[in-house]
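Be aware that the sequence shown starts at 1121, since it is given in the numbering used here, and climbs by one per residue.
Glycine is no exception: its CB is placed at the ideal position from the N, C-alpha and C atoms.
Source: prediction; values computed, not measured.
One structure below.
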Amino acid sequence: MNRNHKTIRRAKARAAAKAAREKAQALDAGQRLAAWAKSLPEIPIGDAFTPGKVTHVCFSHDDHCRTLQTGNGADCNCSPDISYHRDSE
Ligand SMILES: [Zn+2]
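Set out below in structure tokens:
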């Protein structure tokens, strides 16, 4: 293998490592946001869509759910528990 091939392989490995790092950081940020939202007062679904109010909707997926691997809610293949939380007023 010549030097160009090694250089390309190393660049691809660095790019893959960077992508994996960014994905992990994004998941960590999502987990921190979910923990914060769940710490807010929970409200019933009937109060979740009050005009002028901010509601945080939390989906708790099953361990096997594809969303937990991809970070994309559209990939959900479970029946998540859903809770609604309101910022303190
Ligand atoms: Zn799910």
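Work out the CA separation of D1167 and D1148 for me, nearest whole Å.
Counting from one through the sequence shown, the residue named residue 1148 turns up at place 28. Counting from one through the sequence shown, the residue named residue 1167 turns up at place 47. Each residue's Cα considered, the two are about 29 Å apart.
Residues in the same chain with beta-carbon distance under 8 Å from S1065, minus the five sequence neighbours each way, listed in chain order, please.
Here the chain covers residues 1121 to 1209 and nothing more, so residue 1065 does not appear.
Does ligand 1 have a heavy atom nearer than 7 Å to the CB of T1187?
Along the sequence shown, one-based indexing puts residue 1187 at 67. T1187 Cβ: within cutoff of ligand 1.
Curious, which full-length alpha helix (DSSP H) runs of at least 4 residues does the segment 1152 to 1209 contain?
1187 to 1190
On a Cα-Cα basis, can you pick out the residue from T1190, N1122, D1201 and K1126 that is closest to G1165?
Reading the sequence shown from its first residue, position 45 is the one you call residue 1165. Before going on, a small fix: residue 1165 reads as Ile here, not Gly. Of the listed residues, the one whose Cα sits closest to I1165 is D1201.
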